[in-house]
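Asker: Top to bottom, those sequences are chains A and B. Here our numbering is used: the first residue of the first sequence is 2, the next is one more, and so on. Here our numbering is used: the first residue of the second sequence is 1141, the next is one more, and so on. Glycine included, every Cβ here is placed at the ideal spot set by N, Cα and C. Treat the numbers as computed from the prediction; the structure is a model and nothing was measured. Here it is: the structure, laid out below.
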Amino acid sequence: MIAAPLTRRDALRRAGGVALAASAAPMLVGVRDAFAAARGDEQILRGAVRLEQGLVVTYRTLVASGDLDARAGALARHFGDQEQQHLDVVSKELQTLGGAVPSEPAADLVKAGREALTGVDGQAALLAFAGALEQNAIAAYYEAQQGLQRDEFLRTTAAIMANEGQHLALLREALGRAPVPNAFETGRG
Amino acid sequence: MVERRAFLAVAGTALAGGVLAACGSSDDDSSGIATETGAEQSTAASADVAILNQALAVEQRAVAAYHTAAEHLAGARRATAQHFEAQEREHADALAQAVMALGATPASARDRYAIPSLDDADAVVRFAMGVEQIAIAQYLDLIPQLSSQNLRGTFASILAVEAEHLAVLREQAGQEPVPDAFVRGAT
């Protein structure tokens, strides 16, 4: 199932009421599009690798920004570590299919990430940006459930999607919002 | 009230599967069973009904658990339990609708569920955490068994919410809310 392309406006709307700089849009769109054209298990897993690379880079950048207080910094560090675990596992699964793991991280992703975060200022906006990325990741994994064939890949990506949902819930909470506003977490809300 | 998009994702797929099963054959099926014969499609739909009813039983138990939990809690914890109960009810309603869309009868909730002794608020939260852990493990087990691709997505969207519930409950219990990078639950 191929989703409709994510527009810049869609991407920025996902920040949930916290203003994001327009420069954030390419990063958000890029992460979301990691899955958009994927067909078959190998392509979907390659998309997952790219997506997780983007999340790892983002959380590392947030931690290094110096703009987060101790609690938010610990949250970002912890989530970044978990994204790295996702990356390691989906990379191994991609290799079991004979697929080459993309070099880490993709240059265009780093460029988009740098530009995105250049325009994001202050803790609330940084956390909202992370939340928007998590929401995009959830949407991507939601679609992956409809495209993957092998049972072990379905289980792995569902377990990751659930973890991204937990990240999103805590990010919402850190922004003073209800942690679980919807009964169905599709990443599209 | 069931979120419209999620409901349509469930009901739409179920309806498509039912129609295809009735027709006996098809060239194109968004649920991913395009090359199967009518009999095979009917079998796949029956299997999905059984899986939907298993998930429905999980949700009915969760509704009962949160209802009991709310009665034993106060303040913010009670509000959380009531909110989660409402969301579990939305899951149950959507799953029941999907079963009916496939022409089958949803499993009925039991008259009563085994509830452990809940001596204090911490015990209630631990009980709710256990219910969520079981639900998560069940959904992870059921997703690959579904023949409908859209239903897999719907189950995953519910799984993610159960994981979010668990994180909030862990926080209320003073535990690390997101200890594991892969949320697998427990049986």
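(1) Using the beta-carbon of each residue, which ones in chain A are nearer than 8 Å to Ile-1276 (chain B)?
(2) Counting only beta-carbon atoms, is Gly-1293 (chain B) nearer than 8 Å to chain A?
(3) Along chain A, in chain order, which residues have C-beta atoms closer than 7 Å to that of His-1328 (chain B)?
(4) At 3 residues or longer, and completely inside the region 1253 to 1285 of chain B: list those beta strand (DSSP E) runs for me, N to C.
(5) Looking at C-beta atoms only, is the number of pairs between the region 154 to 172 of chain A and the region 77 to 87 of chain A that lie closer than 8 Å three or more?
(6) From the beta carbon of Arg-72 (chain A), is the nearest beta carbon of chain B less than 8 Å away?
(7) Determine the closest residue to His-1207 (chain B) out of B:Phe-1267, B:Gly-1178, B:Val-1189, B:Ser-1186, with distance taken between C-alpha atoms.
(8) In whole angstroms, what separates the C-alpha of Val-1318 (chain B) from that of Glu-1199 (chain B)?
(9) Does Gly-123 (chain A) pass the burial test, meaning 16 or more other C-beta atoms within 10 Å, or should it be called exposed?
(10) Mapping DSSP to helix, strand and coil, what is Ile-1173 (chain B)?
(11) Compare the C-alpha of Leu-63 (chain A) against each of A:Gln-146, A:Gly-100, A:Val-121 and name the closest.
(12) Mind listing which residues of the region 1246 to 1280 of chain B have their C-beta closer than 8 Å to chain A's C-betas, in chain order?
(13) Cβ closer than 9 Å: which chain A residues qualify as neighbours of Ile-1298 (chain B)?
(14) Would you verify that the beta carbon of Glu-1199 (chain B) is, or is not, closer than 8 Å to some beta carbon of chain A?
(15) Mind listing, in chain order, the continuous alpha helix (DSSP H) runs of no fewer than 4 residues lying wholly within the region 114 to 182 of chain A?
(16) Can Leu-1322 (chain B) and Ala-160 (chain A) be called in contact, C-beta distance under 8 Å?
Answerer: Taking the definition as stated:
(1) Looking up residue 1276 (chain B) in the second sequence gives position 136. In chain order: Ala-163.
(2) Counting from 1 along the second sequence, the entry for residue 1293 (chain B) is found at position 153. Taking 8 Å as the threshold, the shortest C-beta distance from Gly-1293 (chain B) to chain A falls below it.
(3) Outside the displayed range of chain B (1141 to 1327) lies residue 1328 (chain B), so it cannot be described from this structure.
(4) For the region 1253 to 1285 of chain B, not a single whole beta strand (DSSP E) run of length 3 or above is found.
(5) Contact annotation: the region 154 to 172 of chain A touches the region 77 to 87 of chain A, with at least three C-beta pairs closer than 8 Å.
(6) Counting from 1 along the first sequence, the entry for residue 72 (chain A) is found at position 71. Answer no: the Cβ-Cβ gap between Arg-72 (chain A) and chain B never drops below 8 Å.
(7) Here residue 1207 (chain B) refers to the residue found at position 67 when the second sequence is read from its first residue. The candidate whose alpha carbon is nearest that of His-1207 (chain B) is B:Phe-1267.
(8) Residue 1318 (chain B) sits at position 178 when you count from the first residue of the second sequence. Residue 1199 (chain B) sits at position 59 when you count from the first residue of the second sequence. Using only the alpha carbons, I get a separation of about 22 Å.
(9) Within the first sequence, the letter at position 122 stands for residue 123 (chain A). Answer is exposed; the Cβ neighbour count stays below 16.
(10) For the purposes of this step, residue 1173 (chain B) is taken as the residue at position 33 of the second sequence. Confidence in Ile-1173 (chain B) is poor, its pLDDT being 33 and thus under 50, which makes the residue's placement unreliable; the coordinate value appears in the next sentence. Note: Ile-1173 (chain B) maps to coil in three-state DSSP.
(11) As a position in the first sequence, residue 63 (chain A) is number 62, starting the count at 1. If we check each option's Cα against that of Leu-63 (chain A), A:Val-121 comes out closest.
(12) Residues are counted here when their Cβ sits less than 8 Å from a Cβ of chain A; for the region 1246 to 1280 of chain B these are Ile-1276, Tyr-1279, Leu-1280, given in chain order.
(13) Here residue 1298 (chain B) corresponds to residue number 158 of the second sequence, with the count starting at 1. Within 9 Å Cβ-Cβ: Ala-184, Phe-185, Glu-186.
(14) Here residue 1199 (chain B) refers to the residue found at position 59 of the second sequence. Chain A, which has no Cβ nearer than 8 Å to the Cβ of Glu-1199 (chain B), makes this no.
(15) Runs found: 124 to 145, 152 to 175.
(16) To locate residue 1322 (chain B), count along the second sequence from 1; it is residue 182. To locate residue 160 (chain A), count along the first sequence from 1; it is residue 159. Note that residue 1322 (chain B) corresponds to Phe in the displayed sequence, not to Leu. The answer is yes: Cβ separation under 8 Å.
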